[in-house]
DNA sequence: ATGAAAGCGCTAACAT
DNA sequence: ATGTTAGCGCTTTCAT
């Protein structure tokens with residue numbers, strides 16, 4: 165290892181002690197608000213300023229077995245849902261005196277690497293939005309307190325929001341408006357909330373479609389959560405006969421992609437086509453038309469996640485615990501992208 | 165400190181050595197690909213698996229004086245420009261075998277805290293997008309290699325993109341289209357690229373406006389980089405007489421906010437109003453109409469930043485170095501939000 | 001209240 | 001090639 169990369173001048177407790185004319189123990193005590201006479205405390209503090217001393221968090225954590233750091237591993241920091249989650253997790257953690265290391269794990273392999281890196285860094289706890297359901301590698305992580313957000317892993321605490329309820333609210337709203345031929349842009353089915361949204365859709369819409377004599381399967385397109393999937397799905401759905409008059413999606417990004425597709429093929433929203441999103445990211449009310457969507461309280465999810473992980477970390481490791489599941493309420497936000505069918 | 169929060173069972177090199185019947189030195193050597201006989205190597209590797217051992221990165225860094233970690237401190241992870249930057253920095257760093265800790269510092273105070281935390285964690289280098297120009301606290305950080313992105317701090321390496329050139333290209337394009345009364349949504353003037361965009365605008369548009377007998381100051385609105393500022397600015401600008409037929413902005417988010425405002429007051433884009441963005445975040449081509457904007461190569465900025473910081477970190481600390489400034493080219497991407505003035 | 005000293009988990013220099 | 005050991009910078013007994 166190249167030792168030149170060490171900061172040659174970084175002062176240590178020892179240097180501070182020397183400068184202040186006290187022992188290292190005393191320096192450590194002022195650093196940690198221990199009992200120190202005012203006179204010596206002042207001397208130490210002066211020395212700290214003089215030397216521009218900064219405690220080495222590595223050494224400190226090594227000694228105390230805690231880092232006051234949480235790890236957050238998400239699939240894609242570029243996705244507004246996750247970047248907002250990251251933001252709120254940071255804020256909630258900071259409030260409790262914790263830092264967070266976030267890792268954006270675009271692939272499952274990368275996720276595994278991140279998880280390991282973060283554990284090797286001895287974070288005190290872990291918040292994870294895993295890629296898929298079956299994450300065997302979490303088991304090998306040791307007994308770091310871990311909470312899963314927006315997904316589900318057997319045996320761990322999970323924080324999610326009420327996907328079924330949200331979807332049901334969408335469908336109810338649309339049928340009330342007069343729609344019956346309702347399409348669905350579904351998300352990846354190995355992701356829990358996407359599956360729930362899909363299942364709830366089928367449960368509610370299949371009867372309607374059967375009445376019209378068409379198979380539900382023709383009115384569902386599976387894809388990712390991204391814009392492109394929404395775009396492509398809408399192109400497909402718009403080709404069905406009878407053409408759906410409304411489409412529910414699994415993310416705002418899909419919905420915005422669908423909006424784009426409508427614009428491209430001359431379908432007016434909502435006159436010719438109603439679109440409903442999912443998530444209510446801040447962009448939702450800035451597109452044209454403003455998106456009717458299902459609001460997920462990301463801030464609250466973040467707060468619950470941090471609280472749970474801190475809770476786990478405060479209890480003895482071997483204490484028995486049943487995993488806890490928090491399902492946060494979800495709410496339909498009505499804006500401009502839905503209306504009665506024009507036919 | 166509460167010792168219960170330590171992982172009680174986390175095995176150490178010593179445990180592995182015991183299990184494998186070798187010395188700690190040998191274990192360390194297999195961990196670091198040193199010379200070890202195949203036979204003992206195998207024994208150690210087996211022990212590692214058996215114990216589910218993970219090296220303690222803290223102890224390792226403490227000993228070697230390097231963490232193979234970079235710190236990235238940005239103003240707001242929620243802003244797509246920065247989240248894309250974060251993503252690409254992570255990728256570029258990973259390629260070189262480095263991890264990155266990202267901190268989203270919404271306030272200047274928070275920025276200072278992050279910078280300190282990250283230095284205390286002994287990151288090998290730092291990439292920073294500072295809040296304001298005058299960041300006295302970076303000086304007190306010690307001599308960590310630091311590169312500044314998209315801003316400028318005296319004495320440090322900086323990576324930026326050609327804001328002036330980008331703005332000039334917008335204006336040229338608009339005048340070619342026939343516009344002369346061009347408004348401007350400016351960004352915070354203590355942020356370098358925002359100031360450059362503004363200055364370039366004034367330089368180019370003031371002569372045009374003077375001809376029309378109106379003061380430029382009436383055609384500029386200052387704000388943040390966010391949607392709301394763009395929205396509000398456009399509302400103001402649309403009230404001027406003569407009404408501008410085109411507006412240049414300082415970010416895509418501003419531009420999207422402006423698009424919204426146009427929709428609200430019944431201004432068609434681009435027929436009644438041309439809008440040009442800045443940044444070309446992935447969202448730009450997904451709004452309706454698709455945004456004509458100035459493309460910044462975020463990926464390239466990220467790569468340059470990582471490369472520079474790695475470079476600094478490889479050279480001896482006391483070696484003389486003139487700060488380097490990389491200004492990356494910028495490019496006008498023509499999509500649908502601009503057209504000739506209809507009047 | 002303070003100093004001396006042990007030790008957190010690891011690597012690297014030194015012996016062998 | 002392998003074992004032994006000092007020490008990275010810190011906190012925390014244990015004496016005093």
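Protein chains in written order, with my numbering: chain V, 165 to 507; chain E, 165 to 507. Beta carbons: idealized from backbone N, C-alpha and C, even for Gly.
Worksheet item: Are the C-beta of residue 423(E) and some C-beta of chain V separated by less than 8 Å?
Response: yes
Worksheet item: List, in order along the chain, the chain E residues whose C-beta lies closer than 9 Å to that of residue 241(V)?
Response: 241, 247, 248, 250, 251, 254, 266
Worksheet item: Per DSSP, residue 489(E) forms a beta bridge with which residues?
Response: Answer is 322(E).
Practice prompt. Have a look at residue 301(V) and residue 223(E) and give me their C-alpha separation to the nearest angstrom.
Written response: 24 Å
Worksheet entry | Nearest candidate by alpha-carbon position, reference residue 407(V), set 362(V), 390(V), 387(V), 380(V) | 380(V)
Item to complete: Can you say whether residue 166(V) is buried or exposed, counting buried as having 16 or more other CB atoms within 10 angstroms of its CB?
Response: At residue 166(V) the pLDDT is 36, less than 50, meaning the model places this residue with poor confidence; the figure from the coordinates comes in the next sentence. Exposed, since its Cβ has fewer than 16 Cβ neighbours within 10 Å.
Discussion item. For a contact defined as C-beta to C-beta under 8 Å, what are the partners of residue 226(V) on chain E?
Written reply: 220, 222, 223, 226
Discussion item. Please return the same chain residues whose Cβ sits closer than 7 Å to the Cβ of residue 175(E), not counting the five positions on each side in sequence.
Written reply: 215, 217
Worksheet item: For the segment 376-405 of chain E, which residues have a CB atom closer than 7 Å to at least one CB atom of chain V, in sequence order?
Response: From the segment 376-405 of chain E, only 391 have a Cβ closer than 7 Å to chain V.
Fill in: For residue 461(V) and residue 324(V), believed in contact at Cβ under 8 Å, the rounded distance
Not a contact, Cβ separation roughly 11 Å.
Item to complete: Please work out which residues of its chain come closer than 7 Å, Cβ to Cβ, to residue 344(V), disregarding the five sequence neighbours upstream and downstream, and give them in chain order.
Response: 372, 376
Worksheet item: Touch check for the segment 285-294 of chain V and the segment 464-476 of chain V: three-plus C-beta pairs under 8 Å?
Response: yes
Worksheet item: If you compare alpha carbons, which of 449(E), 263(E), 295(E), 450(E) is closest to residue 317(E)?
Response: For the residues 449(E), 263(E), 295(E), 450(E), the minimum Cα distance to residue 317(E) belongs to 295(E).
Discussion item. Within a Cβ cutoff of 6 Å, which residues of the same chain sit near residue 194(V), ignoring the five residues on either side of it in sequence?
Written reply: Answer for residue 194(V): 200, 205, 208, listed in chain order.
Worksheet item: Which one of 358(E), 335(E), 219(E), 492(E) has the shortest CA to CA distance from residue 179(E)?
Response: 219(E)
Worksheet item: Rounded to the nearest angstrom, how far is the Cβ of residue 348(V) from that of residue 362(V), given a contact under 8 Å?
Response: 7 Å
Worksheet item: residue 415(E) by DSSP, collapsed to three states: which one?
Response: Annotated three-state conformation of residue 415(E) is coil, per DSSP.
Worksheet entry | Reduced DSSP category for residue 236(V) - H, G, I as helix; E, B as strand; rest coil | Of the three classes helix, strand and coil, the one that applies to residue 236(V) here is strand, per DSSP.
Worksheet item: Is it the case that the Cβ atoms of residue 421(V) and residue 423(E) are separated by a distance below 8 Å?
Response: no
Discussion item. Run through chain V and tell me which residues come within less than 8 Å of residue 216(E), C-beta to C-beta.
Written reply: 304, 306
Worksheet item: Can you list, in chain order, the residues of its chain whose CB lies under 8 Å from that of residue 265(V), leaving out five sequence neighbours each side?
Response: Excluding positions up to five away in sequence, the list reads 233, 234, 235, 236, 282, 285, 287.
Item to complete: Since I believe residue 413(E) is in contact with residue 459(E) (beta carbons under 8 Å), could you give me their beta-carbon distance rounded to a whole number of angstroms?
Response: Actually they do not touch by this definition, with Cβ atoms about 14 Å apart.
Worksheet item: For a contact meaning CB atoms closer than 9 Å, what does residue 451(V) contact in chain E?
Response: 420, 423, 424, 450, 451, 452
Worksheet item: Taking the DSSP output, what are the residues bridged to residue 268(E)?
Response: 238(E)
Worksheet item: Which of helix, strand or coil does DSSP assign to residue 247(E)?
Response: The answer is helix: DSSP assigns residue 247(E) an H, G or I state.
Worksheet item: If you run the structure through DSSP and keep just helix, strand and coil, what is residue 194(V)?
Response: helix
Worksheet item: CA-CA distance, residue 260(E) and residue 492(E)?
Response: Inter-residue distance for residue 260(E) and residue 492(E) is about 22 Å (C-alpha atoms, whole angstroms).
Practice prompt. Could you name each continuous alpha helix (DSSP H) segment of 4 residues or more that falls completely within the segment 344-408 of chain V, going from the start of the chain to the end?
Written response: 356-375, 391-401
Discussion item. Residues in the same chain with beta-carbon distance under 6 Å from residue 322(E), minus the five sequence neighbours each way, listed in chain order, please.
Written reply: 312, 316, 489
Fill in: Straight-line gap, residue 184(E) to residue 307(E) (C-alpha atoms, nearest Å)
42 Å
Item to complete: Compare the C-beta of residue 280(E) against all C-beta atoms of chain V and say whether one is closer than 8 Å.
Response: With 8 Å as the cut-off, residue 280(E) counts as an interface residue toward chain V.
Worksheet item: Would a check of beta-carbon distances place residue 286(V) closer than 8 Å to chain E?
Response: yes
Discussion item. Using DSSP's beta-bridge definition, name the partner residues of residue 214(E).
Written reply: For residue 214(E), which the question treats as bridged, DSSP gives no partner whatsoever.
Practice prompt. Say yes only if the C-beta of residue 240(E) is nearer than 7 Å to one or more non-hydrogen atoms of the ligand ATP, and no if none qualify.
Written response: In the structure shown, the ligand ATP is absent, as is every other ligand, since no ligand is present at all.
Worksheet item: Since residue 411(E) meets chain V, which of its residues come closer than 9 Å, beta carbon to beta carbon?
Response: Here the premise fails: no neighbours, minimum Cβ distance about 16 Å.
Worksheet item: Skipping 5 residues on each side, what residues in its chain have a beta carbon closer than 7 Å to that of residue 319(V)?
Response: Same-chain partners within the cutoff: 487.
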